[in-house]
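In my numbering, the protein residues as written are 999 to 1478. Beta carbons: idealized from backbone N, C-alpha and C, even for Gly. First the structure, in the form of structure tokens, and then the observations on it.
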Amino acid sequence: MEADILNKNNVRTRFAPSPTGHLHIGGARTALFNWLFARHHGGVFVLRIEDTDTSRSTEQYIEAIIEGMKWLRLDWDEGPYRQTERFDIYKRYVDRLIDEGKAYYCYCSAEELEQRRKEALSHGRPPRYDGRCRDLKGPVPGRTPAVRFRMPEEGETIVDDLIRGRVVFENAQLDDLIIMRSDGTPTYNFTVVVDDADMAITHVIRGDDHLNNTPKQMHIYRALGCDVPLFAHLPMILGADKTRLSKRHGATSVMAYREMGYLPDALVNYLVRLGWSYGDQEVFSREELIEKFSLDNAGRSAAVFNPEKLLWLNSQYINKGTSEELAGYVMPFLLKGGIIQEGQSIDMGWLSKAIDTLKERSRSLLELAHSLRYYIAEDIEFDPKAKEKFLNEKSLPYFRTILDRLRALDRFEAAEIEKVFMGIIEKQGIKLGQIAQPVRVAVTGNSVSPGIFEVIEIVGKDKTLRRLERAIALIKSPII
RNA sequence: GUCCCCAUCGUCUAGCCUGGCCUAGGACAUCGCCCUUUCAAGGCGGUAACACGGGUUCGAAUCCCGUUGGGGACGCCA
């Protein structure tokens, strides 16, 4: 059956988030798998907003989800469809099911149901609907009914999951679920079926938490006379304590990762490896992912979200990025960090050169921006420890010498600067570290930086001389 | 409580379907060494896992059963 669908080359997948929050890590992974599957098969990827819970859905979250999708570059071919715009369609199908006796009105109130559920749970019984309105002859006066779907009471339902294999459910376990609320709005388990059928979705790839809903949905498909799509249930993403990933575990919103200086490709790469692998390969370009992605090597067990590994991957991507690209990416961070001002002009060629020295030691754009400060800003801030260790009387004579020599230097380039340093250590009979470290602190404020000669070149003659002068002044009167 | 899913280093995973090539491979993290003006990056090396118990088999990480552990679902949420 699958081969059939694939041969027709009409794979259609969808991502169907509910706009009750930002796009989170788990949702993004689901979206990614659907996107990759569609792209791999040359199919269609649909975005559908499941906003039937009008009390919890907001416009703001719809925009946030779309923003997240765009940032991750998970482009969709159709949509975003919105279920709230399709209420007439669901209504039509509900009416049809009622006419055919496949659904019925339920007059139990939400409060009564809640009461019975709690009671059942406290007595250790399955909290299922007891079916009391199933065979009602007429309406109950003074009540607005909800509509329930009539599930089969015996037999079993088989889900042939693309990832889990065959999963068997006893129909006796399924209860008659509400497909339309008493206020006339349809519910998830119904709309998802109507839409997936209507939108001709061939592969439903979603979180594990939906596996139990699948048999119920299959009965709805059949009642509607529609083809049942293929299902693939992805394992959950857990936090470090092995419980479902949530805010408690730190940032879960995709946008939070953008703000922390992650590259979208790095996040995508990290996410795809949560539940999918390709031999020993860790780093994949998008093209490779599209080419290599298959549900065959999707995993079945839950994965713990590991921020450390994501950071490492991010560093890989920052390392690989060209300095020109990185210059563009880091701009918002420089602005936000007050390192450059809005409207301030900055030489992009020069910035790229500075980034070149920093990118292999930055794991995020935030770190990159932070390091860029001493290249760009007029004044530097000293790391107290570095200052104490290296800006002292002992290095004062070296500072004076280096200041004079650099002042006299015409070609202010790394190679020339190096010659100046080498000349001094030779003459004084000292090690490079004895002079390079104090200068590093004087010029960058830190005991850590890229190679000091290139740093000096990029910082430039004026600023370097000023900083050396300031260091000398500081040593002479430490109160400043 | 009922149902469903899952089970290899701390973490992500390869291997499992099609038993022997596994004295279990890779990656992150961690430790050590090398490189080195510092920090990274890089290179080299180390520590570290088949949850347990029964089967089946000449042989089991791989197949079967059970136990235990973890996760999920059971909504007029999605």
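Exercise for the section: Round the Cβ separation of P1233 and G1336 to the nearest angstrom and send it over; I've been treating them as touching at under 8 Å. Expected result: About 43 Å separates the Cβ atoms of P1233 and G1336, ruling out a contact at the 8 Å cut-off.
Problem - Residues near N1005 by beta carbon distance below 7 Å, same chain, minus five either side - result: Note on N1005: pLDDT 47, under 50, position unreliable in the model; the coordinate value appears next. Its chain contains no residue whose beta carbon lies nearer than 7 Å to that of N1005 once the 5 sequence neighbours on both sides are disregarded.
Exercise for the section: Report all residues from its chain with a CB closer than 6 Å to the CB of E1048; omit the five preceding and five following residues, and keep chain order. Expected result: Only A1014, S1016 and Q1081 meet the Cβ criterion.
Practice task
Could you check what DSSP says for V1281 in three-state terms: helix, strand or coil?
Solution key: V1281 falls in the coil class under three-state DSSP.
Exercise for the section: Could you tell me whether the segment 1433-1452 touches the segment 1368-1383, where touching means 3 or more Cβ pairs closer than 8 Å? Expected result: Result yes; three or more Cβ-Cβ pairs closer than 8 Å.
Practice task
Could you pull out every unbroken beta strand (DSSP E) segment of at least 3 residues lying fully inside the segment 1290-1343, listed in chain order?
Solution key: None, since the segment 1290-1343 contains no complete beta strand (DSSP E) of that length.
Handout entry: Straight-line gap, P1312 to V1328 (C-alpha atoms, nearest Å)
Key = It is Asn, not Pro, that sits at residue 1312 in the sequence shown. CA-to-CA, the gap between N1312 and V1328 works out to about 14 Å.
Problem - Nearest-angstrom Cα separation, counted from T1183 out to C1104 - result: Between C1104 and T1183, the alpha-carbon positions lie close to 14 Å from each other.
Exercise for the section: Under 7 Å Cβ to Cβ from M999, same chain only, skipping five residues before and after it: list those, please. Expected result: Note on M999: pLDDT 40, under 50, position unreliable in the model; the coordinate value appears next. Within the same chain, M999 has no close Cβ partners at all.
Practice task
Can you have a look at L1134 and say buried or exposed, based on whether 16 or more other CB atoms are within 10 angstroms of its CB?
Solution key: By the neighbour-count rule (16 or more Cβ atoms within 10 Å), L1134 is not buried but exposed.
Problem - CB of L1324 within 7 Å of CB of K1357, strictly - result: Yes, Cβ-Cβ distance for L1324 and K1357 is below 7 Å.
Problem - Beta-carbon spacing of R1179, A1144 below 7 Å - result: Annotated as proximal: R1179 and A1144, with beta-carbon spacing under 7 Å.
Exercise for the section: Can you check the segment 1160-1233 for any beta strand (DSSP E) of at least 3 residues that lies completely inside it and give the ranges in chain order? Expected result: Every beta strand (DSSP E) of 3 residues or more that sits fully in the segment 1160-1233 is shown, in chain order, as 1163-1168, 1176-1178, 1201-1205 and 1228-1232.
Problem - 6 Å Cβ shell around V1192 - same chain, five flanking residues per side excluded - result: The answer, listed in chain order, is Y1088 and Y1091.
Practice task
Taking 7 Å as the cut-off, decide whether the C-beta atoms of A1300 and L1236 are in contact.
Solution key: Contact check for A1300 against L1236 passes: the beta carbons are separated by less than 7 Å.
Exercise for the section: May I have a chain-ordered list of the beta strand (DSSP E) segments no shorter than 3 residues that lie completely inside the segment 1084-1136? Expected result: For the segment 1084-1136, whole beta strand (DSSP E) runs of length 3 or above, ordered along the chain, are 1101-1104.
Handout entry: P1436 versus M1420: straight-line alpha-carbon distance, rounded
Key = Taking the straight line from one Cα to the other gives about 15 Å.
Practice task
Determine the extent of the alpha helix (DSSP H) in which E1416 is found, giving its start and end residues.
Solution key: Unbroken alpha helix (DSSP H) run through E1416: A1412 to Q1426.
Problem - Beta bridge counterpart(s) of Y1255 as assigned by DSSP - result: Paired residue(s): none; Y1255 is not in a bridge.
Problem - Whole-angstrom distance between S1321 and Y1396, CA atom to CA atom - result: Cα to Cα, the separation comes out at about 34 Å.
Handout entry: Simplified DSSP assignment, three categories, for D1158
Key = Residue state, collapsed to three classes: strand.
Problem - Test item: CB-CB of D1086 and F1043 under 7 Å - result: Cβ atoms of D1086 and F1043: not closer than 7 Å.
Exercise for the section: May I ask you to report which of helix, strand or coil DSSP gives T1011? Expected result: Correct three-state label for T1011: strand.
Handout entry: Span of the beta strand (DSSP E), counted from its first residue to its last, around P1078
Key = That run of the beta strand (DSSP E) goes E1076 to R1080.
Exercise for the section: Could you check the C-alpha separation between R1115 and E1151 for me, to the nearest Å? Expected result: Here the alpha carbons of E1151 and R1115 stand approximately 20 Å from one another.
Exercise for the section: Measure the C-alpha to C-alpha separation of K1100 and R1148 and round it to an integer number of angstroms. Expected result: Taken atom to atom, the span from the alpha-carbon of K1100 to that of R1148 is near 5 Å.
Exercise for the section: Work out the CA separation of D1196 and G1129 for me, nearest whole Å. Expected result: Roughly 29 Å separates the two Cα atoms.
Exercise for the section: Using three-state DSSP, classify R1071 as helix, strand or coil. Expected result: Coil at R1071, not helix or strand.
Problem - Inter-stretch contact at 8 Å, needing at least 3 Cβ pairs: the segment 1244-1261 / the segment 1216-1231 - result: Because the criterion of three Cβ pairs below 8 Å is not met, the segment 1244-1261 and the segment 1216-1231 do not touch.
Exercise for the section: Quick one: measure Cβ to Cβ for A1375 and I1456, integer angstroms, because I've assumed they're closer than 8 Å. Expected result: Taking a contact as a CB-CB distance under 8 Å, the pair A1375 and I1456 does not count as one, their CB atoms being some 13 Å apart.
Practice task
Pull up the CB-CB distance for L1021 and S1251, whole angstroms please, since I reckon it's below 8 Å.
Solution key: So it is a contact: roughly 7 Å between Cβ atoms.
Handout entry: Reduced DSSP category for V1441 - H, G, I as helix; E, B as strand; rest coil
Key = The answer is helix: DSSP assigns V1441 an H, G or I state.
Problem - Identity of the residue in K1474, V1202, G1273 and I1023 nearest D1158 by Cα - result: Out of K1474, V1202, G1273 and I1023, V1202 has the C-alpha closest to the C-alpha of D1158.
Practice task
Report the rounded CA-to-CA distance for T1399 versus D1377, giving the unit in angstroms.
Solution key: Going from the Cα of T1399 to the Cα of D1377 covers about 22 Å.
Exercise for the section: Determine, using beta carbons only, whether F1282 and P1213 come nearer to each other than 7 Å. Expected result: In this structure, F1282 lies away from P1213, with their beta-carbon atoms at least 7 Å apart.
Handout entry: Environment of R1204 [buried if 16+ CB atoms lie within 10 Å]
Key = Buried, since its Cβ has 16 or more Cβ neighbours within 10 Å.
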